[in-house]
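All the letters of the sequence shown, read from the start, carry residue numbers -29 to -1, 1 to 328 under mature numbering (1 follows the signal peptide of the UniProt record, and there is no 0). Note that the Cβ used here is the ideal one computed from N, Cα and C, for glycine as well.
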Amino acid sequence: MPATTHRYHRRARLAALIIAAGALTTAHATPAKPTAATTAAPIAATAAKPLTIKVGYLAQLQDVALLTMQDRLKDRHKVELVRYPRYADAEAALGRGDIQLASLGYEVLAGAVARGGAPKFTYVAGLSRGAVGLVCRNEVLIDAWPDIKGKRIGVVAGLPEVFLDDALVQHALQLTDFERVKFPTKGTPALQALREGAVQCASMPEPQGATAVAEGYAYYPRTDIADNAYGGINNGLAANPAFLKANRSAVLDLVKEVLEVTAVYQRDKNAWIQELASAQAVAGAASGVGIERVLLDTKLYMDEAWSLVVALRPPTPTMTTNPPSAAGAAAIAAITKPLPERDAMNVYFDTTLTEKP
């Protein structure tokens, strides 16, 4: 059967699941109105040219709710999906207006608040919690938190490091109880170090952890670092502020789509896996393992987000005996300025699009 036919039947199945769900939504979502994919009656064509909306996403498990937009909203908007390798790339494109919405991790929020200035993105819906885990090589026994002591652990900067550190403290361990091998960004280096045995365990985002498990040389110990003081919040859907102001109803259409589709994938993990495979976002074996570590969640968690902003604040650099250059002094001053008030973070959120009327 041709690939296009497979995609047609997959979309039809998703539509049927949503129809069966009826008024079902997430606990924090407004029941969505029928769309072209959830009703048999066609939407009347209009003379107006469809609005083009470019949506940035990453090849990761938690962005699945963005992958159906092109097909399911085609009668109202021309949605184009743009894949980025990193959140930083999606953030830059969103700020320039190259795209109108994007999946952004909360570590991006922490950096933006620290830099200050006018917000270049606005979170309009949550996408996930979790999606970060501690993975260990098969020969390394980690049965409980104390077993981490003395181990050589790779730690990816950002949420994997913050989540691990918080979980250790909550379980009465010291941050010096293990040998820390830091990796500045997620990607191949941390996964390769775990594969080759250069580290015994690794705190990393999904689907990297799932990839290691699916390849057969690693496992997830019973130490869930996503169970932390930050609620495990991971990423959300953000909009360009100018686009949001000028096209609020269109953004609301996309938010409703996220709420509606998320409710389906929360109940039907097979549909979730199939959509990831269809979009070639995550390999089938890894997605089947990794989705057990991801909680799709459309709520925006303001208190937890602020805690992350504080936790992810850049550390104060160590001063040398020699005075820094003018450029160096300016850079140090920029990242050591006092932490702003919480209102400086709140302007990056618009929670009204996911609230009940």
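Burial state of residue i, where buried means 16 or more other Cβ atoms lie within 10 Å
i, result
"A217", "exposed"
"V106", "buried"
"D114", "exposed"
"N199", "buried"
"E312", "exposed"
"P155", "exposed"
"E177", "buried"
"T159", "exposed"
"A89", "exposed"
"E326", "exposed"
"V318", "exposed"
"R43", "buried"
"R264", "buried"
"M316", "buried"
Rounded Cβ spacing between residue i and residue j (contact assumed at less than 8 Å)
i, j, result
"F320", "P212", "About 11 Å; that fails the 8 Å criterion."
"residue 385", "S174", "Shown here, the chain extends from -29 to 328; a query on residue 385 therefore has no answer."
"L165", "A183", "6 Å"
"G255", "I262", "With a Cβ gap of about 11 Å, G255 and I262 do not count as contacting."
"G104", "I196", "6 Å"
"G27", "A83", "Their Cβ separation, rounded to whole angstroms, is 16 Å, which puts G27 and A83 out of contact at 8 Å."
"A185", "V260", "5 Å"
Straight-line gap, residue i to residue j (C-alpha atoms, nearest Å)
i, j, result
"G187", "G68", "42 Å"
"P21", "L72", "17 Å"
"V253", "V235", "19 Å"
"D314", "N205", "21 Å"
"Q31", "A276", "21 Å"
"A282", "V111", "30 Å"
"T322", "V95", "6 Å"
"L266", "K157", "20 Å"
"P192", "S99", "22 Å"
"residue 329", "D148", "Residue 329 lies beyond the stretch modelled for the chain, which goes from -29 to 328, so this question has no answer here."
"L146", "K45", "50 Å"
"L135", "A250", "31 Å"
"T269", "T233", "8 Å"
"D137", "A248", "33 Å"
"Q33", "A102", "7 Å"
"S220", "C172", "46 Å"
"K120", "G168", "17 Å"
"A61", "L223", "20 Å"
"L144", "D118", "10 Å"
"E150", "P56", "29 Å"
"V152", "Q141", "21 Å"
"E162", "E132", "Looking at the sequence provided, one finds Leu at residue 162 rather than Glu. The alpha-carbon atoms of L162 and E132 are separated by roughly 15 Å."
"A189", "Q237", "26 Å"
"N109", "G66", "43 Å"
"R54", "L279", "26 Å"
"T194", "L230", "30 Å"
"E228", "L139", "37 Å"
"V170", "A19", "57 Å"
"L130", "K122", "20 Å"
Close Cβ partners of residue i (< 6 Å) along its chain, the five nearest in sequence each way excluded
i, result
"M273", "none"
"I24", "H48, V50, Q71"
"E246", "V35, L38"
"V226", "V95, A96, L324"
"G203", "R100, G101, A197"
"residue 332", "Because residue 332 is not part of the residues shown, which for the chain are -29 to 328, the question remains open."
"A257", "P178, A181, T182, A185"
"L215", "T93, V222"
"Y201", "E275, S278, L279"
Cβ neighbours of residue i in the same chain (closer than 8 Å, five flanking residues each side left out)
i, result
"R284", "A81, A85, L310"
"Y58", "L29, S74, L75, G76, E78, V79, N206"
"N241", "none"
"Q41", "V50, E51, L52"
"V126", "E132, L135, R151, V152, K153, F154, A173, S174"
Neighbour flag for residue i against chain D, beta carbons, 9 Å
i, result
"A115", "Looking for chain D here will not work: only one protein chain is present."
7 Å Cβ shell around residue i - same chain, five flanking residues per side excluded
i, result
"W116", "H142, L144, T194"
"T17", "Because T17 carries a pLDDT of 46, less than 50, the predicted location of this residue cannot be relied on, and the following value inherits that uncertainty. Taken in chain order, the list of residues that qualify is empty."
Review point. Curious, which full-length alpha helix (DSSP H) runs of at least 4 residues does the stretch 23 to 110 contain?
Key: 40 to 43, 58 to 67, 77 to 86
Review point. Where in the stretch 116 to 195 do unbroken runs of the alpha helix (DSSP H), each at least 4 residues long, occur, reported from the N-terminal end onward?
Key: 130 to 141, 159 to 167, 179 to 185
Point to revise | In chain order, each beta strand (DSSP E) run of at least 3 residues that lies wholly inside the stretch 201 to 253 | key: 204 to 210
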